[in-house]
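Below is one structure; the comments refer to it alone.
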Amino acid sequence: EAAVTQSPRNKVAVTGGKVTLSCNQTNNHNNMYWYRQDTGHGLRLIHYSYGAGSTEKGDIPDGYKASRPSQENFSLILELATPSQTSVYFCASGDWGGDYAEQFFGPGTRLTVL
Amino acid sequence: AQSVTQPDARVTVSEGASLQLRCKYSYSGTPYLFWYVQYPRQGLQLLLKYYSGDPVVQGVNGFEAEFSKSNSSFHLRKASVHWSDSAVYFCVLSARNSAGNKLTFGIGTRVLVRP
Chain A
259 EAAVTQSPRN KVAVTGGKVT LSCNQTNNHN NMYWYRQDTG HGLRLIHYSY GAGSTEKGDI
319 PDGYKASRPS QENFSLILEL ATPSQTSVYF CASGDWGGDY AEQFFGPGTR LTVL
Chain B
6 AQSVTQPDAR VTVSEGASLQ LRCKYSYSGT PYLFWYVQYP RQGLQLLLKY YSGDPVVQGV
66 NGFEAEFSKS NSSFHLRKAS VHWSDSAVYF CVLSARNSAG NKLTFGIGTR VLVRP
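Protein sequence lines, in the order shown, are assigned to chains A and B. Start counting the first sequence at 259; every next residue gets the next number (the numbering used here). Start counting the second sequence at 6; every next residue gets the next number (the numbering used here).
What follows is the structure, encoded as structure tokens:
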């Protein structure tokens, strides 16, 4: 069964509205990540977390908040959604240490902000 | 800072033909390197990874990649492609000892396999 799941899979929001994207992992990994995917950019890191209660800014954090209430769950929050945040969002989990650095990705959430 | 360049945005090949996808990286040390594949409307799946040792690494579904420190490259190859190999392929770098193990992605190469 899928080890990283995301909900919702598709979301249409209005400009100025609040959007919460949820991610759950059963890998028991310490680190979790939120990326967005846009044509011509690959995936870009928004926020990440080392464990429950921690959140760190990634490369493009403006306009986003994150929350890690437990080992398994990591949310991405858009307090005031804008059309420029229309994108596909991916959650990932991974541990890191020694010769181990891969991340495992969820199926993605397609967000459209009108 | 590190970067990954995939010079080919799109590649079209015939079924049964060989495939090579190019990847060049910029990083001062020896990185961890990955190739991920994204099938339509799906998440990313790991194809193969290079951490150290033998520069040729084998992955799933007949894919292999060769690391070259002198050329700063990590090219992906497959001897004979199948229509199901149509997907987007990402070359990805992780800087050793980076905070949070942040990954740096190339922009991806879209592969179309013609029947």
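Glycine is no exception: its CB is placed at the ideal position from the N, C-alpha and C atoms.
Buried or exposed: residue i, going by 16 or more other Cβ atoms within 10 Å of its Cβ?
i	result
V371/A	buried
H287/A	buried
V65/B	exposed
Q43/B	buried
A339/A	buried
T109/B	buried
P36/B	buried
G275/A	exposed
H299/A	exposed
N225/A	A query on residue 225/A cannot be resolved here, the shown segment of chain A reaching from 259 to 372 and no further.
G366/A	buried
V61/B	exposed
W88/B	exposed
Q63/B	exposed
Checking the sheet assignment: what are the DSSP bridge partners for residue i?
i	result
A92/B	V116/B
I304/A	I304/A is not bridged to any residue.
Q43/B	L49/B, V93/B
S265/A	S280/A
R15/B	R115/B
V371/A	A271/A
Considering only the alpha carbon of each residue, which of the options lies closest to residue i?
i	options	result
T114/B	F72/B, S99/B, S91/B	S91/B
E337/A	V270/A, V277/A, A324/A, P266/A	V277/A
T297/A	V118/B, G111/B, R119/B	G111/B
F363/A	K323/A, I318/A, N282/A	N282/A
S351/A	Q329/A, Y322/A, L369/A	Q329/A
N106/B	V346/A, L369/A, G316/A	G316/A
K269/A	T263/A, V262/A, L279/A	L279/A
R302/A	D320/A, T273/A, Y308/A, S312/A	D320/A
R46/B	Q361/A, E314/A, Y347/A	Y347/A
F68/B	T10/B, F39/B, A14/B, R15/B	F39/B
N273/A	S342/A, C349/A, A359/A	Here residue 273/A is Thr; the residue named in the question, Asn, does not match the sequence. Nearest option by C-alpha distance: S342/A.
S33/B	V116/B, S75/B, P120/B	S75/B
Only counting the same chain, and skipping five residues up and downstream in sequence, which positions put a Cβ closer than 6 Å to that of residue i?
i	result
L26/B	L81, Y94, T114
S325/A	S333
L24/B	V18, K83, V86
R368/A	N268, V346
Closer than 8 Å by C-beta to residue i: which residues in its own chain qualify, once you throw out the five before and the five after it? Chain order, please.
i	result
A310/A	R326, P327, S328, Q329
Using C-beta distances below 7 Å, list every residue in its chain close to residue i, excluding the 5 sequence neighbours before and after it, in chain order.
i	result
S171/B	Residue 171/B is absent from the model: chain B starts at 6 and stops at 120.
S265/A	S280
Does residue i have its Cβ less than 8 Å from a Cβ in chain C?
i	result
G113/B	Of the chains in the structure shown, none is chain C; the protein chains are A and B.
Going along the chain, which unbroken runs of the beta strand (DSSP E) with 3 or more residues stay wholly within the segment 287-342 of chain A?
Given a length threshold of 3 residues, each whole run of the beta strand (DSSP E) inside the segment 287-342 of chain A is given here in chain order: 289-296, 300-307, 323-325, 331-336.
Which runs of the alpha helix (DSSP H) fall wholly inside the segment 56-80 of chain B and span at least 4 residues, in chain order?
Counting only runs of 4+ residues, no alpha helix (DSSP H) is found wholly inside the segment 56-80 of chain B.
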